[in-house]
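Comments concern the structure below.
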Amino acid sequence: MAKNNWFAWVVAGLSATGPLPAENFADAVVDYDPGAGYAVNYTNVNAVLGEPSRANPFNDPTEPFNPPYGTGQILSVGAGGSLTVRFSTPILNHPNNSFGLDFIIFGNTGFIITNDFDPVTFEWIGTPATDGSLFAQNTGSTRVLVSRDGETFFELDPARAPVVDHLFPTDGWADFSRPVDPILTQEDFAGLTLEQIRALYNGSAGGAAFDISWARDSDGQPVFLPEIKLVRVEVLSGKSEIDGVVAASRRARGPNVTGR
Numbered sequence: 343m344a345k346n347n348w349f350a351w352v353v354a355g356l357s358a359t360g361p362l363p364a365e366n367f368a369d370a371v372v373d374y375d376p377g378a379g380y381a382v383n384y385t386n387v388n389a390v391l392g393e394p395s396r397a398n399p400f401n402d403p404t405e406p407f408n409p410p411y412g413t414g415q416i417l418s419v420g421a422g423g424s425l426t427v428r429f430s431t432p433i434l435n436h437p438n439n440s441f442g443l444d445f446i447i448f449g450n451t452g453f454i455i456t457n458d459f460d461p462v463t464f465e466w467i468g469t470p471a472t473d474g475s476l477f478a479q480n481t482g483s484t485r486v487l488v489s490r491d492g493e494t495f496f497e498l499d500p501a502r503a504p505v506v507d508h509l510f511p512t513d514g515w516a517d518f519s520r521p522v523d524p525i526l527t528q529e530d531f532a533g534l535t536l537e538q539i540r541a542l543y544n545g546s547a548g549g550a551a552f553d554i555s556w557a558r559d560s561d562g563q564p565v566f567l568p569e570i571k572l573v574r575v576e577v578l579s580g581k582s583e584i585d586g587v588v589a590a591s592r593r594a595r596g597p598n599v600t601g602r
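With the sequence shown counted from 1, adding 342 to any position gets you my numbering.
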């Protein structure tokens with residue numbers, strides 16, 4: 343994968359987190375259908391395997407104002423399209439995971455900086471901050487399904503499952519396996535700088551997090567799955583870019599994290 347691996351290791355070494363074990367990440371693409379309206383040139387399936395991006399093509403760290411954007415970093419899925427990935431080590435449905443969430447899907451959404459820009463110095467005027475609005479997000483809808491065996495898939499309750507590639511923008515400085523507190527909304531980030539966003543993230547690297555316990559059968563009835571090995575994302579409308587799928591960890595790895 344063209345993920346600027348050497349720089350990613352540098353960033354990881356300088357940050358408060360270390361690299362996660364390989365089993366935390368999806369290691370194979372089982373199926374990919376780009377659908378309609380996908381982003382041309384963003385069809386490299388290897389982009390969604392392994393650790394999400396810590397650095398962008400020009401070696402600047404990924405963060406909520408500067409999400410992944412390289413053709414080797416994100417995979418585009420348009421309306422009617424889908425992506426199915428497999429984990430060699432099953433993702434556990436573990437109640438002790440942070441907020442009870444079991445896996446996280448990372449995209450390339452970013453927070454819009456609302457500061458004025460100086461055309462002479464090419465710098466933001468003042469400390470960059472956001473009003474909570476997003477760019478590059480999927481403004482449509484998605485469906486996420488999970489499976490233990492690759493044969494039978496169960497949809498996660500759409501009333502609970504967040505849209506893939508919406509909240510929360512990636513912060514490559516932090517822990518990819520730790521979810522953001524799901525109670526947070528866009529409005530909570532209004533007026534915040536990068537430092538303040540990171541305080542709300544509380545050591546998380548962002549992404550959209552999901553609980554296996556949200557699984558439902560075709561009649562809408564809850565299904566208990568102790569673990570899963572496959573995750574499928576279906577884009578119903580709009581367009582989602584995906585950078586990685588990560589199993590949540592019960593260990594607190596980020597800064598100022600006490601665990602739950």
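Don't be surprised by glycine CBs; every beta carbon is placed ideally from N, CA and C.
In the DSSP assignment, the beta strand (DSSP E) including residue i goes from what residue to what residue?
i: ALA551; result: 550-552
i: GLU576; result: 569-579
i: GLU497; result: 496-498
i: LEU417; result: 417-420
i: VAL588; result: 586-589
i: ALA370; result: 370-375
i: ARG485; result: 483-489
i: GLY452; result: 452-455
i: PRO432; result: 424-434
i: GLY474; result: 472-477
i: PHE445; result: 445-448
Three-state secondary structure (DSSP) at residue i?
i: TYR543; result: helix
i: LEU509; result: coil
i: PHE531; result: helix
i: SER440; result: helix
i: PRO521; result: coil
i: TRP515; result: coil
Sort the options by Cα distance to residue i and report the nearest one.
i: ASP444; options: PRO403, ALA541, TYR543 and VAL522; result: VAL522
i: LEU498; options: ASP491, THR484 and VAL588; result: THR484
i: GLY449; options: LEU578, GLU465 and GLN415; result: GLN415
i: THR469; options: LEU476, PRO461 and ILE455; result: ILE455
i: PHE552; options: LEU434, ALA471 and ASP491; result: LEU434
i: ASN398; options: PRO568, PRO409 and LEU578; result: PRO409
i: VAL486; options: PHE496, GLY379 and THR512; result: PHE496
i: GLY474; options: TYR384, ILE446, LEU362 and GLU529; result: GLU529
i: ALA389; options: LEU417, GLY377 and LEU362; result: LEU417
i: GLY549; options: PHE429, TYR380 and ASP507; result: ASP507
i: SER579; options: GLY420, LEU526, GLY533 and ALA501; result: GLY420
i: PHE477; options: SER395, GLU583, ASN401 and ASP369; result: GLU583
i: THR512; options: SER489, ALA532, GLN479 and ASP491; result: GLN479
i: GLY492; options: THR472, TYR384, PHE566 and ARG574; result: ARG574
i: LEU567; options: PRO437, TYR543, GLU537 and ALA501; result: PRO437
i: TYR380; options: THR413, PHE459 and PRO363; result: THR413
i: LEU457; options: LEU534, VAL387 and GLU393; result: The sequence shown places Asn at residue 457, rather than the Leu named in the question. For the residues LEU534, VAL387 and GLU393, the minimum Cα distance to ASN457 belongs to LEU534.
Within its chain, find whatever has a CB closer than 8 Å to the CB of residue i; leave out the 5 residues flanking it on each side and keep chain order.
i: PRO564; result: SER555, ALA557 and ARG558
Taking 7 Å as the limit between beta carbons, can you name the residues of its chain near residue i, skipping five residues before and five after?
i: SER546; result: ALA516, ASP517, ARG520, PRO521, VAL522 and GLY596
i: ASP375; result: GLY423 and SER424
Check whether chain C comes within 7 Å of residue i, counting only Cβ atoms and requiring the distance to be less than that.
i: ASP491; result: The chain inventory of the structure shown lacks chain C, comprising one protein chain alone.
Excluding the 5 residues flanking residue i on each side, which residues of the same chain have their C-beta closer than 6 Å to its C-beta?
i: LEU356; result: The predicted position of LEU356 is uncertain, since its pLDDT is 40 and thus under 50; a value taken from the coordinates is nonetheless stated next. Within the same chain, LEU356 has no close Cβ partners at all.
i: PRO432; result: GLU569 and LYS571
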